[in-house]
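Everything below concerns the one structure shown next.
2 protein chains.
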Amino acid sequence: MKRVGIIGGLGPASTVDYYNGIISASRAIESSAYPEIIIYSVDMIEMMAYAEAEDWGSLAEMLRNAVWKLADAGAEVAAMACNTTHIVYNQIAEKSALPLISIVSAACDEMQKLGVQRAAVIGTAFTMRSGLYTDALSRRGIKPILPSESEQGEIASLIYPNLEDGIVIAKDKERMLEIAEKLIRENDADCLLLGCTELPLMIKGGDLDTVLINTTQIHIGAIVSSMFS
Amino acid sequence: MKRVGIIGGLGPASTVDYYNGIISASRAIESSAYPEIIIYSVDMIEMMAYAEAEDWGSLAEMLRNAVWKLADAGAEVAAMACNTTHIVYNQIAEKSALPLISIVSAACDEMQKLGVQRAAVIGTAFTMRSGLYTDALSRRGIKPILPSESEQGEIASLIYPNLEDGIVIAKDKERMLEIAEKLIRENDADCLLLGCTELPLMIKGGDLDTVLINTTQIHIGAIVSSMFS
C-alpha cells in the first residue's frame, strides 16, 4: 500500500472527511493495517488571498512546496483536499514531486460512467468563474451548466465563511437548495456536481430530486485506488 | 507561530480532535491565519503489536522515525496524539529531531495547578500497567490511584476496539462509569484522569461527580502554547 500525502486545511472540515474517508475505505479493502497518511495542512487565509488576487503563480508555488514537503516526509502519492486549488492543478502537476490525484478528473470520469449528459455545477466563486469543471466536462461530451453571475456570488457567500468552517446554517442551506433546484429545473440537468469539498456537509442525498455528484467521496475513492495500485 | 507536527493515528478519532482543537485554539489567539499543521498518521495495528509484545525499543524507533519525517516536512515542534506511546517518551525525546511536548507533563502540571491531591487514573492496559502517570504524579506530591488488575483488564476491553475507533457503546459507557465511580468513591479521589486520548469521547463533564482531567484538551493547550512561544 502506498503512503499517501494530503494537502489539507482548505478548509479543515473537509480535511477531516478525507482523513476518515481514506482510513475507512482502505480498511474496507485491507483490514489488517491502518494506512499511513501524511497531512500537510496549509494556511487557508493565505490560499484565499492568492485566489482573491488571482495570483495563481503564487498559489501554485505554495501548493507545489507543500507537495515537496509531503514527499520529504515519505509520501508516495498526493492529493489536494479541495476543488478550488485544482485551478492550478496543471501548474503543480508538471513540476510535482509526486503523482497528484485530480479531483476534477476523478469526478468527470465518474460522471461519464454514470452516463450523465447535463451537469449543473456549483462551487466556490473561483471554481465557477474559472471554468474548472467546464472544460473537463465538455471534453467528455457532458454539458456543464453554471448558475448566473449573481447566483454565483450568492453561492460563494453561502460557502464562506460559515460552511468553509464546517458550520451549516439552516437558512443558508435553504437558499442553497433553492438556487440549485432552480438551476436543475430550468436547464433540465440530470445531476448536481458539488464542486466544493465542503458542499456535502450542507447538501445531502434526498435534499434534491436529482443525482448528487459528491466530489469529496469520489476523490477519496480515486486516492485509495492509487494507494493500492 | 511555529509549525507543529503531530504523530497521529493512535487512534484516528483522537487525531481529529487534536487537528480541530489546535486550529480553534490557535485562531482564538490569532485569528488572521490558520496554523500550518503536519500530521503523520501511523499504523495503529503496528503500534499495538509492539505494545502487546512489550517491544518498547521497536515502538520507540517507529515513533522516532515519524518525528524525523515531521521534521523533514518542516515541523518545528512535535507531539504524539496518544497517552500510551508516552511510555517510550524518554527514549524518543533523547534522540528527537524536534522538541516533543509531553501529554504526561502537561496533564500533571495542570493537576498540580488545580491543587489535586488524590488522582484516580484510567487508560489503556499499557498505560495503567506501565505506571506512566504514577511516577510523574508522585513526583508532584499527588497520590495516583489505579484500578485493580482485573478492572484494568476490563477498562482495556472497554477501550479496544470500539472506543479506539471513535464508537461509544451505551452499555460500555455505563460499565466504564461504574468502575470509575467506585474507584473514586473507595479511594476518596478528588479527580479522574482520563489517561487515554479516546476516553473524552466516552466520559463527559457531568457524567461523574468529580473533576475530569481531559488529557487531550490539556495537551492541545500545551502544544498551542509551544507554537506561540
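Taken in sequence, the protein lines are chains Z and A. If you read the first sequence in the working numbering, its first letter stands for residue 1, the second for the next number, and so on. If you read the second sequence in the working numbering, its first letter stands for residue 230, the second for the next number, and so on. Note that beta-carbon positions come from the ideal geometry of N, C-alpha and C, so glycine has one too.
With 7 Å as the threshold, decide whether the Cβ of ALA310(A) is near any Cβ in chain Z. What you label residue 310(A) is simply residue 81 of the second sequence in a count that begins at 1. Using beta-carbon distances, ALA310(A) does not count as an interface residue toward chain Z, since no partner is under 7 Å.
Cβ closer than 7 Å: which chain A residues qualify as neighbours of ILE203(Z)? Counting from 1 along the first sequence, the entry for residue 203(Z) is found at position 203. Correct list: empty, because the minimum Cβ distance to chain A is about 22 Å.
Cβ contact check for the region 68-77 of chain Z and the region 2-14 of chain Z: 3 or more pairs under 8 Å: These segments touch.
Taking the alpha carbon of LYS342(A) as the point to measure from, which residue in ALA322(A), PRO328(A) and LEU366(A) has its own alpha carbon closest? Taking the first residue of the second sequence as 1, we reach residue 342(A) at position 113. The closest CA to that of LYS342(A), considering only ALA322(A), PRO328(A) and LEU366(A), is found on LEU366(A).
As assigned by DSSP and simplified to three states, the class of TYR160(Z): Locating residue 160(Z) in the first sequence gives position 160, where the first residue counts as 1. In the structure shown, TYR160(Z) sits in coil (DSSP, three-state: anything other than H, G, I, E or B).
Could you confirm whether any beta carbon from chain Z is found closer than 7 Å to the beta carbon of GLU265(A)? Within the second sequence, the letter at position 36 stands for residue 265(A). Answer yes: the Cβ-Cβ gap between GLU265(A) and chain Z drops below 7 Å somewhere.
Between the region 271-294 of chain A and chain Z, which residues of the former have CB atoms less than 8 Å from a CB of the latter, in chain order? Using a CB distance below 8 Å, the part of the region 271-294 of chain A facing chain Z consists of VAL271, ASP272, MET273, ILE274 and GLU275, ordered along the chain.
Using C-beta distances below 7 Å, list every residue in its chain close to ILE223(Z), excluding the 5 sequence neighbours before and after it, in chain order. Counting from 1 along the first sequence, the entry for residue 223(Z) is found at position 223. Excluding residues within five positions, the ones whose Cβ falls inside 7 Å are VAL4, ILE22, ALA79 and ILE101.
What residues in its chain sit with their C-beta under 6 Å from that of SER226(Z), if we drop five residues either side in the sequence? By one-based count along the first sequence, residue 226(Z) stands at place 226. Excluding the 5 residues flanking it on each side, SER226(Z) has same chain C-beta neighbours closer than 6 Å at VAL77 and ILE101, in chain order.
If we count the other Cβ atoms within 10 Å of its Cβ and call it buried at 16 or more, is ASN90(Z) buried or exposed? Looking up residue 90(Z) in the first sequence gives position 90. Looking at its Cβ environment, which holds fewer than 16 other Cβ atoms inside 10 Å, ASN90(Z) is exposed.
With 16 other CB atoms within 10 Å as the buried threshold, where does ARG293(A) fall? As a working note, residue 293(A) is residue 64 in the second sequence. By the 10 Å Cβ count, ARG293(A) comes out buried.
Beta-carbon proximity of LEU423(A) to ALA409(A), cut-off 7 Å: As a position in the second sequence, residue 423(A) is number 194, starting the count at 1. As a position in the second sequence, residue 409(A) is number 180, starting the count at 1. No, Cβ-Cβ distance for LEU423(A) and ALA409(A) is not below 7 Å.
Are the beta-carbon atoms of PRO376(A) and TYR362(A) separated by less than 7 Å? The residue labelled residue 376(A) in the question sits at position 147 within the second sequence. The residue labelled residue 362(A) in the question sits at position 133 within the second sequence. The Cβ atoms of PRO376(A) and TYR362(A) lie no closer than 7 Å to each other.
Quick check on the DSSP output: the alpha helix (DSSP H) that includes ARG404(A) runs from which residue to which? Against the second sequence, residue 404(A) aligns to sequence position 175. Element bounds for ARG404(A): 399-416.
Check whether chain A comes within 7 Å of ILE23(Z), counting only Cβ atoms and requiring the distance to be less than that. Here the question's residue 23(Z) lines up with position 23 in the first sequence. At least one chain A Cβ lies under 7 Å of ILE23(Z).
Backbone secondary structure at LEU421(A) - three-state DSSP: One-based indexing of the second sequence puts residue 421(A) at position 192. Residue state, collapsed to three classes: strand.
Chain Z partners of ALA262(A), CB-CB under 8 Å? For the purposes of this step, residue 262(A) is taken as the residue at position 33 of the second sequence. Near ALA262(A) (Cβ distances below 8 Å), the residues of chain Z are ASP43, ILE45 and GLU46.
Is it buried or exposed for ILE220(Z), if we count other Cβ within 10 angstroms and need 16 for buried? Position 220 of the first sequence, counted from the start, is the residue given in the question as residue 220(Z). By the beta-carbon neighbour count (other beta carbons within 10 angstroms, threshold 16), ILE220(Z) is buried.
List in chain order: all unbroken alpha helix (DSSP H) runs of 4+ residues lying wholly within the region 319-379 of chain A. Runs of the alpha helix (DSSP H) inside the region 319-379 of chain A: 332-343, 354-359 and 361-368.
Residue of GLY123(Z), VAL67(Z) and SER105(Z) minimising C-alpha distance to ALA97(Z): The residue given as residue 97(Z) occupies position 97 in the first sequence. Here the closest residue by C-alpha is VAL67(Z).
Between GLU339(A) and GLY240(A), is the Cβ-Cβ spacing less than 7 Å? Residue mapping note: residue 339(A) aligns to position 110 of the second sequence, counting from 1. Residue mapping note: residue 240(A) aligns to position 11 of the second sequence, counting from 1. No.
3 or more residues per run - each beta strand (DSSP E) lying fully within the region 286-322 of chain A: 306-309, all fully within the region 286-322 of chain A.
For VAL233(A), which three-state DSSP category applies? Position 4 of the second sequence holds residue 233(A). The answer is strand: DSSP assigns VAL233(A) an E or B state.
Quick one: Cα of CYS108(Z) to Cα of ILE218(Z), how far? Within the first sequence, numbered from 1, the residue matching residue 108(Z) stands at position 108. Within the first sequence, numbered from 1, the residue matching residue 218(Z) stands at position 218. Approximately 10 Å, taken between the alpha carbons.
When you compare each of ALA385(A), VAL345(A), GLY370(A) and ILE321(A) to PHE482(A) by their alpha carbons, which one comes out closest? It is not possible to answer for residue 482(A), since the shown part of chain A is limited to 230 through 458.
Figure out for me which residue from ILE396(A), LYS324(A) and LEU406(A) has the closest Cα to the Cα of ALA350(A). The residue labelled residue 350(A) in the question sits at position 121 within the second sequence. According to the sequence provided, residue 350(A) is Val. The question's Ala does not apply to it. If we check each option's Cα against that of VAL350(A), LEU406(A) comes out closest.
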